[in-house]
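These notes concern the structure reproduced below.
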């Protein structure tokens, strides 16, 4: 039987929408919890919650739109999206040079966004797209080219400097490589390589980035610089206890001891007010969403969609893990927000867009699978 | 075939992906488990610690006063230092009943005065309630012990170690350095109040006041976590204060001390100046006071005692004391006379012991009743002949005199780095009209020409004028600052400022006057012969006697029967060595004749110091015979500045 790969036939899973219902349910649950915590974290500033709500609606709309686009379209567009993102990144860098300062934003007048966010999607896409064409196990040359696709944008992002996003982009890309069946020998080799490159990387880091790592090792040493954040965050979480201090009563966050409590440190607010129970609920939701996404990857019908879905799932999980690890003082403070909970627009749009792609992958079932 | 190579084994790929996906799921579980364990660790096993921390989590920002810059002499001898003392501090916000607490404290520590309470109440207006205010300075060991055992009764009151200004040389440098004292409201308005947030002291006089901005430094902050009663639990962050710059003065502490000792029990002043750059090497005003008592907060009674006594110890006579320069103006008069062509080296007059203006009955007497006989300009200086200068003054006129005096820096501020300086006065007809409403008489000119009458000068001005004379008219701005060394060890040296020099028509005039001044100490009819004849170095000088009280000026024992306060002042200006001048000085002793003797003592010490410094500075690699030769030439008082 002749199969037209470029224009597969799909069967719908739900009646009219390309929605993955369990995933949507989990996402909405997390978003609602996030809004509740934000209400407390913003010191009961309703307008802040409202703004976040508007952003969320916009992001959810994007998710729905992305879910409508069939996966093969993403595959076709992949090189274009990646190229577009790369050009924007370079544009931002040049503008930053002119503006003499850190530059992450591209101001389109009515809309500001960070091109680095596009890369969170574009890098796993291009990696999956490229590896999809190659035989397995992947050759060293393939590995090298894929690494270029990952590290060139990552370096550009790190230079902005936005170390958090750069790490996420690398994680997303590496996830694709890992999944694509890179041999364990190469994994070992790369581990050694990265290990030996560490000193160089350390040398290249900004002072504030180095400071964060020092601080992680010993937060008490720099109690008001970076260490202050970690100490206060740990106090907030630890003082929450089993059931928390209760909604809107977290003294750490309301007395402004906790920095950035609406954005990067919102998990601490939740843990302070809802205690261990609240923390476990948040972590469980994150894990369930990740697992559901990985499940979508498992059932994806093409190599490209599998790689992409798994990578997007892991990007989400890693973001959550790094953020929560950071506020609990086991990871360095890199500016990574808690996905879908932290206040702020750009990252949220990217995540819901990626869930849109995941839903598209899960709901566009090809009638005749090419291997079954 | 190339195509074959690119064909994928989809089944194998699917299996591989599935396996790796399983690994990822495992990773998700492992990492989540780490998070959950960490969360449990923080919220279960560490719960108590963090719960208490969060309860006690009260932070306050406390400013830290910067250590004040140390003041040193040119050789690094410390003149003003900071010494640690214990003080009692009160944070008003944490005191429940302030008035009651203050009363109880006063009962507990009897050394607390009403002044302390008044100061504290004034200070409260300037600070936030949560900021600590120093209540009592300098607690004794006993007081510390008493308070410590009663501390539980006084929440918000605590003992703190603080740095306080200390002047090791005390009275010797009192006028020069000035002192610091508790900052008051008016002073706080003049400075950057953020920077002085926790500063208790500010320079009130002298160098301390003039260089306040350099000495003060920059305030630091610390963010501390406190418990409910306000005790600091730990420091969360600290922005260290930047200490004020160290100041090196041009003063030589040894010379300063020698000058002070020479002036002991006398009223007067000594100023020693380096003629080659304007460095002030010594500046003493006597009697003096103990500046350390001002730092501790002098009691009103003690202050009244100091300010009301006739000796006026608080008054810096060296720059602020104005005296008739008397005969010490004669060298400058001679310069003016020679330069304006009124007299020449050969002009001779006969001095019968008095001078009479045409059409004026009253004669102007010389200090020597019998007169000096035939006299020229050189001898007139040497024997300090009044008659010669009456005549010279009368011929020259007040305007020419005024011009030359002003050129030598009389009658105006020298702009030394002290705020206390007074300008003095060079009289002129217009000045007299303006301030006295009277016209200028020829008699005014006469008495001005011997430095009496209206003319007033400070010892600093006299020393500075002597320096200009020694350098043949080259003048420098007198100054006390040698260099500053900032917190970051950055040195800034003071560069000597040259002022408009005095140009004469013939340079020989300088030598004429200087030779005459040398004769003042060397010639057996010189007025400082007793002082200078045995001096083991070359020196040029001029004495002066300023009348305070009329009476019979010929009376030899004048200074024994007139009440002390009305006796003549004695003055002395000098410079040395004559050939290659290094220092100039002015000495003024109120109501006593010993100015020349004081000058000799100070100058001896100066030469002693410079000899020692030559010996000490012989390079170590000099061979022995050369070393011996140098020592020998020093012993013979030869000029060995060649090293």
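Residue numbers (this note's numbering), protein chains in the order written: chain A, 589 to 960; chain B, 3 to 645. Cβ coordinates follow ideal geometry from the N, Cα and C atoms, glycine included.
Check, Outcome
"Within the region 219-300 of chain B, ranges of the beta strand (DSSP E) (whole runs, at least 3 residues)", "222-228, 234-241, 248-251, 270-276, 282-288"
"Closer than 8 Å at the beta carbon, the chain A residues around residue 51/B", "826"
"C-alpha distance - residue 284/B paired with residue 542/B, whole-angstrom precision", "19 Å"
"Other residues of its chain near residue 707/A: CB distance less than 6 Å, five sequence neighbours each side excluded", "673, 741, 757"
"According to DSSP, residues forming a beta bridge with residue 931/A", "Looking at the DSSP assignment, residue 931/A forms no beta bridge with any residue, so it has no partner."
"Positions along the region 35-51 of chain B whose CB lies within less than 8 Å of some CB in chain A", "36, 37, 38, 40, 41, 42, 44, 45, 46, 48, 49, 51"
"Test: residue 784/A CB closer than 8 Å to a CB of chain B", "no"
"Min CB distance residue 20/B to chain A below 8 Å", "yes"
"Cβ pair count under 8 Å reaching 3, the region 615-625 of chain B against the region 584-604 of chain B", "no"
"Residue 656/A (DSSP reduced to helix, strand or coil)", "helix"
"DSSP state of residue 206/B mapped onto helix, strand, coil", "coil"
"Residue range of the unbroken alpha helix (DSSP H) whose run includes residue 881/A", "854-887"
"Three-state secondary structure assigned by DSSP to residue 67/B", "coil"
"Reference residue 354/B; option with closest CA among 375/B, 346/B, 605/B", "375/B"
"Interface positions of the region 879-910 of chain A facing chain B (Cβ-Cβ less than 7 Å), listed along the chain", "879, 882, 885, 886, 891, 894, 898, 902, 905, 909"
"Nearest to residue 295/B (by Cα), restricted to the options 305/B, 214/B, 145/B, 548/B", "305/B"
"Cβ-based contacts, 9 Å cut-off: residues of the region 854-869 of chain A near chain B", "859, 860, 863, 864, 867, 868"
"Start and end residues, beta strand (DSSP E) containing residue 494/B", "493-495"
"Within 7 Å of chain B by C-beta, residues of the region 759-791 of chain A in sequence order", "766, 767, 769"
"Spatial neighbours of residue 607/A in its chain, beta-carbon cut-off 7 Å, leaving aside the 5 residues before and after", "655, 947, 951"
"Burial state of residue 786/A (16 or more Cβ within 10 Å)", "exposed"
"CB contact check: residue 945/A to chain B, cutoff 8 Å", "no"
"8 Å Cβ cutoff, residue 635/A in contact with chain B", "no"
"Residue of 528/B, 101/B, 182/B, 221/B minimising C-alpha distance to residue 382/B", "528/B"
"Reduced DSSP secondary structure (H/G/I, E/B, other) of residue 515/B", "helix"
"Residue 417/B classed as buried or exposed, judged by whether at least 16 other C-beta atoms fall within 10 angstroms", "exposed"
"Interface residues of the region 133-165 of chain B facing chain A [CB-CB below 7 Å]", "none"
"Residues of the region 193-224 of chain B whose Cβ lies closer than 7 Å to any Cβ of chain A, in chain order", "none"
"CA nearest to the CA of residue 581/B, picked from 574/B, 471/B, 531/B, 602/B", "471/B"
"Chain B within 8 Å of residue 837/A, Cβ atoms only", "no"
"Minimum Cβ-Cβ distance from residue 647/B to chain A less than 8 Å", "As shown, chain B starts at 3 and ends at 645. That puts residue 647/B outside it, with no answer to give."
"Minimum Cβ-Cβ distance from residue 56/B to chain A less than 8 Å", "yes"
"Integer Cβ distance of residue 424/B from residue 460/B, believed to fall under 8 Å", "6 Å"
"Within-8 Å CB hit, residue 2/B to chain A", "Because chain B is modelled from 3 through 645, residue 2/B falls outside the range shown and cannot be assessed."
"Boundaries of the alpha helix (DSSP H) in which residue 631/B is found, first to last residue", "626-637"
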